[in-house]
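K.L.:
In the numbering used here, the protein residues as written are 305 to 468.
All C-beta atoms, glycine included, are put in the ideal place defined by N, C-alpha and C.
1) Quick one: what does DSSP say residue 469 is sitting in, helix, strand or coil?
2) Counting only the same chain and skipping the five closest in sequence on each side, list residues whose C-beta sits under 7 Å from that of residue 416.
3) Beta-carbon within less than 7 Å of residue 326's beta-carbon, same chain only, minus the 5 sequence neighbours each way: which residues are those?
4) With H, G and I counted as helix, E and B as strand and the rest as coil, what does DSSP make of residue 349?
5) Could you tell me if residue 379 is buried or exposed, where buried requires 16 or more neighbouring beta carbons within 10 angstroms of its beta carbon?
6) Which two residues bound the contiguous alpha helix (DSSP H) that contains residue 318?
7) Throw me the rounded Cβ distance for the residue 365 and residue 401 pair, which I believe falls under 8 Å.
8) Have a look at 429, 413, 425 and 371 and flag the residue whose alpha-carbon is nearest the alpha-carbon of residue 323.
9) Figure out for me which residue from 359, 319 and 316 has the closest Cα to the Cα of residue 335.
10) Does DSSP classify residue 408 as helix, strand or coil?
11) Is residue 374 near the ligand SAM, judged by its Cβ being under 7 Å from some heavy atom?
12) Would residue 342 pass as a contact of residue 357 if the rule is Cβ separation under 8 Å?
13) Which full runs of the beta strand (DSSP E) of 3+ residues lie inside the region 370-406, going along the chain?
14) Assign residue 388 to buried or exposed, taking buried as 16 or more other Cβ atoms, counted over all protein chains shown, within 10 Å of its Cβ.
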């Protein structure tokens with residue numbers, strides 16, 4: 305048992321991938337990073353092709369594969385993508401490409417969202433202020449703080465056939 309634990313060391317962490325033993329972690333890594341048949345994969349992890357096929361249908365292995373893909377994408381591709389975006393922001397010939405690169409970097413850093421523009425932010429502030437004024441007026445109305453001269457009377461100046 306000690307021999308196999310050295311051959312397939314377990315990687316620590318949180319999530320489905322890290323719940324697997326070292327042998328299955330190695331299998332998940334090979335499933336994603338290498339183009340192998342079930343027989344070849346079985347030889348790598350010292351298991352039969354049938355066992356590998358069973359693992360591929362296991363819900364924990366499927367979830368572990370998804371988690372490992374996310375982990376590797378963050379580790380391997382995001383840094384390169386950020387470098388490329390920065391390069392485009394600085395060196396692109398088109399101002400539109402420079403602007404889009406800058407906006408993408410700001411969004412990825414959490415400093416900007418898709419639903420945020422200065423005009424929209426100002427409109428949201430105005431709306432919140434108006435709603436606060438209405439709430440204050442309603443509270444004053446309920447407590448009797450509003451004076452009689454504060455009320456508005458609506459008059460219907462347009463008569464219909466029944467009014468004549």
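P.N.:
With the given structure in hand:
1) For residue 469 there is no data in the structure shown, the boundaries of the chain being 305 and 468.
2) For the purposes of this step, residue 416 is taken as residue 112 along the chain shown, with counting starting at 1. Counting only Cβ-Cβ distances below 7 Å, and skipping sequence neighbours, we find 407 and 410.
3) In the chain shown, counting from the first residue as 1, residue 326 sits at position 22. Hits under 7 Å: 309, 312, 313 and 314.
4) As a position in the chain shown, residue 349 is number 45, starting the count at 1. Residue 349: coil per DSSP, three-state reduction.
5) One-based indexing of the chain shown puts residue 379 at position 75. Classification of residue 379: exposed, given that the 10 Å Cβ count is below 16.
6) Here residue 318 refers to the residue found at position 14 when the chain shown is read from its first residue. Careful: residue 318 lies outside any alpha helix (DSSP H) and carries neither H nor E.
7) By 1-based counting over the chain shown, the position of residue 365 is 61. By 1-based counting over the chain shown, the position of residue 401 is 97. 41 Å between Cβ atoms; not a contact.
8) If you number the chain shown from 1, residue 323 lands on position 19. Checking every option, the nearest Cα to that of residue 323 belongs to 371.
9) Stepping through the chain shown from its first residue, residue 335 is reached at position 31. Nearest C-alpha to residue 335: 359.
10) Here residue 408 refers to the residue found at position 104 when the chain shown is read from its first residue. DSSP places residue 408 in helix when its eight states are reduced to three.
11) With respect to small molecules bound, the structure shown includes none, and the ligand SAM cannot be examined in it.
12) Translated into positions along the chain shown, residue 342 becomes position 38. Translated into positions along the chain shown, residue 357 becomes position 53. For residue 342 and residue 357, yes; Cβs fall inside 8 Å.
13) none
14) Start at 1 with the first residue of the chain shown, and residue 388 comes out as number 84. Classification of residue 388: exposed, given that the 10 Å Cβ count is below 16.
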